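Numbering that gives the first Met the number 0 applies: residue 0 is where the sequence shown begins, and numbers increase by one. Read through the structure below, which is laid out as structure tokens, and then see the notes.
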Amino acid sequence: MPKRIAWECLQQSYQPATAKCADAIAALAGLGIDDPEAHLDYLEKRLHLIQTIGSAKDRICFCLDPLAEYLAGWYLIELYGNNDGKWRSHFFKKADDLVKTGRQDAIKGLLLAVRDCYLRFKVAKKPTLYPRS
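The structure is reproduced here in structure tokens:
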């Protein structure tokens, strides 16, 4: 659940930002989570991972940018997996567009997080061929 919220906060610019509470609630509801407002409240008041901001208290953001980047990276790995077509047509297409506008330094954190998560995912999926000694 926090992974999906993190992606909600990063998907527009590929850098940590705020997301509308309504969008975060809709994203959680889309995952089939009952009472998404309670889950957001738990992430904020109990775990202190996110905070509600804005004069209308209608936006959320992660308290730690690197955490948001890694959770979003993990979400993307789960979403796209080994589907090269989805990676190219969705994630890398937008990353290329951002690099072309000179924003490569701004998205570096997410790119590194996705790389780290992918390498971890790849290692975790390897079958164990040899018995342990």
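Think of the CB as a built atom: it goes at the ideal place given N, C-alpha and C, for glycine as much as any other residue. Here the structure is a predicted model, which means the values were calculated and not measured.
Given residue i as reference, the closest of the options once Cα atoms are compared
{"i": "residue 61", "options": "40, 55 and 97", "result": "40"}
{"i": "residue 107", "options": "50, 64, 3 and 59", "result": "64"}
{"i": "residue 13", "options": "111, 0, 59 and 115", "result": "111"}
{"i": "residue 54", "options": "29, 19, 94 and 117", "result": "19"}
Buried versus exposed call for residue i [16 or more other C-beta atoms within 10 Å across all chains shown]
{"i": "residue 36", "result": "exposed"}
Residue i - containing alpha helix (DSSP H), residue span
{"i": "residue 3", "result": "1–9"}
Beta-carbon contacts of residue i that lie in its chain and below 6 Å, excluding the five residues immediately before and after
{"i": "residue 120", "result": "76"}
Cβ shell of residue i (< 8 Å), same chain only, five flanking positions each side left out
{"i": "residue 27", "result": "0, 3, 4, 35, 38 and 39"}
{"i": "residue 98", "result": "106"}
{"i": "residue 9", "result": "15, 16, 67, 68, 71 and 109"}
{"i": "residue 52", "result": "17, 58, 59 and 60"}
Cβ-based neighbour list, residue i, same chain, cut-off 7 Å, excluding 5 preceding and 5 following
{"i": "residue 74", "result": "2, 3, 5 and 6"}
{"i": "residue 86", "result": "79"}
Exercise for the section: Identify every run of the beta strand (DSSP E) within the segment 19–70, keeping only runs that are complete inside it and at least 3 residues long; order them along the chain. Expected result: DSSP runs (the beta strand (DSSP E)) wholly in the segment 19–70: 49–52 and 58–61.
* Fully enclosed by the segment 71–120, which beta strand (DSSP E) runs are 3 residues long or longer? -> Listed in chain order, there is nothing to give.
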